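Report on one structure; see the data block that follows.
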């Protein structure tokens, strides 16, 4: 039987490129869609890859073949960290991209992984319709990026040694946090930090360069970290780590399209959000099963423990972020209003 795991393993070994769309009598607009995650099929595999394929298929259908998509998983078209900059320059059309990866270029994007700021999927998805969502959307548009689908993911911790549940558990370990702000929290807790994208955590843990990695439930599964971990802290019940990983598009490319095609892209992008949320939440449950089967010790977070992480974040990462730029301060204030 071909399982999700087989598909992910084979996709990691051999990145696949899929062209969606039948074309028409006239030249179709081809959009290249890149991401760092394992490739699969429209029905099987990492839900983020599936979301990209479903998005492309539906856009082709609604446009009558005027728009087709080419999917490039595994950072096979553009290197992971370079995808955001490539979109801003118009060199890449679309990417499902962890927003804080752009923090070195635009520190304001680190609002997409501010420890303890988002506590639930409901809260995160409210951003889109609240003032914080408009402020973030406007900021990104000004920098050359259009948000097509809002995708939030809760995260957990895979560790090579002891479980990391409370902040004090991280002391003395080398941990990948996922953003500058998460790294600040970990350092305050006594950990050393390592900055690598999620598709490089496996190698870092395998070699011992990293003792533990914090990442989304989906990445904890898709990148097979249970093979190099002895412990998992699940974020299924509660989490201080929520990452915004939206489907983004180059504004330079978007603006060149006729309005009817722009409307299709935006409408389909919005419709994909239901699938994205379900995929993330399903993996929050699935990850514990995967790690238990591999023999890892599985621990859960509770509200009180999440509060300890949030207290550290509020005194360190939040303050640092809010002092970066006027836009950072505005985004933090508006996001905090949603959390209140």
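In mature numbering (1 follows the signal peptide of the UniProt record, and there is no 0), the protein residues as written are -27 to -1, 1 to 313.
Where a beta carbon is used, it is the ideal one built from N, C-alpha and C, also for glycine.
It should be emphasised that the depicted structure is a prediction, and the values quoted were computed from it without experimental measurement.
Check, Outcome
"Exposure of residue 310, with buried meaning 16 or more beta-carbon neighbours within 10 Å", "exposed"
"Element boundaries [alpha helix (DSSP H), containing residue 282]", "276 to 288"
"Residues near residue 206 by beta carbon distance below 7 Å, same chain, minus five either side", "129, 130, 136, 137, 138, 272, 274"
"Which of helix, strand or coil DSSP assigns to residue 63", "coil"
"Rounded separation between residue 126 and residue 217 - CA only", "7 Å"
"Contact test: residue 42 Cβ vs the ligand ATP heavy atom, cutoff 8 Å", "What this structure holds is no ligand at all, so the ligand ATP is not there to describe."
"Sufficient close CB pairs (3 or more, under 8 Å) joining the segment 151 to 163 to the segment 298 to 310", "no"
"Inter-residue Cα distance where the pair is residue 69 and residue 17", "17 Å"
"Given residue 86 as reference, the closest of 62, 145, 152 once Cα atoms are compared", "152"
"Where residue 29 sits in the DSSP three-state scheme", "helix"
"Nearest-angstrom Cβ-Cβ length linking residue 260 and residue 190, presumed shorter than 8 Å", "4 Å"
"Distance between residue 283 and residue 140 (C-alpha atoms, nearest Å)", "10 Å"
"Coil, strand or helix - residue 240 by DSSP", "helix"
"Element boundaries [alpha helix (DSSP H), containing residue 308]", "299 to 312"
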